[in-house]
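To convert a position in the first sequence, counted from 1, into the working numbering, add 2. Glycine included, C-beta positions come from ideal geometry on N, C-alpha and C.
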Amino acid sequence: MGEPWSPLPREFYRRHPTAVAPELLNKILVRADGRAARIVEVEAYAGSEDPAAHSHRGKTPRNATMFGPPGHLYVYFSYGIHWGSNAVCGDIDEGAGVLLRAAEPLSGLDLMREARAAAKRDRDLASGPGKLSQAMGLDRSFDGADLVTMDRGVSIVSDGTPPPVDPVVSPRIGISKAVDLPWRWHVRDHGHVSGKRSTRT
DNA sequence: TTGAGGATTCTC
DNA sequence: AGAATCCTCAAA
Numbered sequence: 003m004g005e006p007w008s009p010l011p012r013e014f015y016r017r018h019p020t021a022v023a024p025e026l027l028n029k030i031l032v033r034a035d036g037r038a039a040r041i042v043e044v045e046a047y048a049g050s051e052d053p054a055a056h057s058h059r060g061k062t063p064r065n066a067t068m069f070g071p072p073g074h075l076y077v078y079f080s081y082g083i084h085w086g087s088n089a090v091c092g093d094i095d096e097g098a099g100v101l102l103r104a105a106e107p108l109s110g111l112d113l114m115r116e117a118r119a120a121a122k123r124d125r126d127l128a129s130g131p132g133k134l135s136q137a138m139g140l141d142r143s144f145d146g147a148d149l150v151t152m153d154r155g156v157s158i159v160s161d162g163t164p165p166p167v168d169p170v171v172s173p174r175i176g177i178s179k180a181v182d183l184p185w186r187w188h189v190r191d192h193g194h195v196s197g198k199r200s201t202r203t
């Protein structure tokens, strides 16, 4: 017997990010050190057609990974503090990707809590793009990692759970352009999505 | 070389 | 509501 789960194939990612994004819900982000978390919130970012995408103004050293082959991890640094993780989608030179915004920790919780001392509850471990990356230990050294070959021990796999049939679809968060495109998907009524405050609405 | 801004998080 | 914090990019 080998690994019970195998990485999603390259072809899964070789589509428009708006097609890939909702299907990444309920998939599992895994690290070779035992950390695993179920993806519950994502956003799609297209290439030149999408003013909100990092790739909109063309290839730069920062976003070069987005213009590479699909199925790789694009990790970016922002606000001077946080890392964001994306799955590169579409074709080479398209500059498309899906931002992994939130996940439900499944295993390796001890390592996640160690990486995120600020998290008071387990639901705070990965309920946001910066939190997710920090909990999973993803930083610049993982930019360009191949999720299909697992060349750096990080991948996205399926445990057989299908994507939700009725995900919540809404505008993307934290952007200033193309703010009305409904390119954010999250699992309905899930306690680990971003933006939740304990008892506020 | 410089200035402006950012796919956020945490605390007050 | 505001601070933290620094990389990235384009312009000069």
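Below 8 Å between beta carbons: does that hold for residue i and residue j?
| i | j | result |
| --- | --- | --- |
| G36 | G139 | no |
| V100 | S8 | no |
| V171 | V42 | no |
| D112 | I30 | no |
Given residue i, which residues of its chain have a CB within under 6 Å of its CB, disregarding the five upstream and five downstream residues?
| i | result |
| --- | --- |
| R16 | P72 |
| A54 | I177, K179, A180 |
| L127 | P107, M114, R118, A121, A137 |
Please identify the residue among the options whose C-alpha is closest to the C-alpha of residue i.
| i | options | result |
| --- | --- | --- |
| G82 | D141, L127, A66 | D141 |
| I175 | V167, R103, A38, P11 | R103 |
| Y47 | W7, K29, E96 | E96 |
| G193 | M68, G130, P63, W185 | G130 |
| D191 | R33, D182, P166, P184 | P166 |
| V22 | R125, A98, V189 | A98 |
Residues in the same chain with beta-carbon distance under 7 Å from residue i, minus the five sequence neighbours each way, listed in chain order, please.
| i | result |
| --- | --- |
| R12 | P72, G73, V150 |
| A117 | Q136, A137, G139 |
| S277 | With the chain covering only 3 through 203, there is no way to say anything about residue 277. |
| S157 | P9, V32, L149 |
In its own chain, which residues sit with a C-beta less than 8 Å from the C-beta of residue i, not counting the 5 before and 5 after it?
| i | result |
| --- | --- |
| T201 | With a pLDDT of 43 at T201, under the threshold of 50, the predicted position of this residue should be treated as unreliable, and no value is reported. |
(request) Indicate whether the contact test is met: 3 or more Cβ pairs, each with one atom in the stretch 85-99 and one in the stretch 135-150, closer than 8 Å. (result) yes
What residue ranges within the stretch 109-176 form continuous alpha helix (DSSP H) runs of no fewer than 4 residues, ordered along the chain? 111-117, 131-138
Requested in this report: Enumerate, from N- to C-terminal direction, the unbroken beta strand (DSSP E) stretches of 3 or more residues contained entirely within the stretch 16-61.
Outcome: 30-33, 38-47
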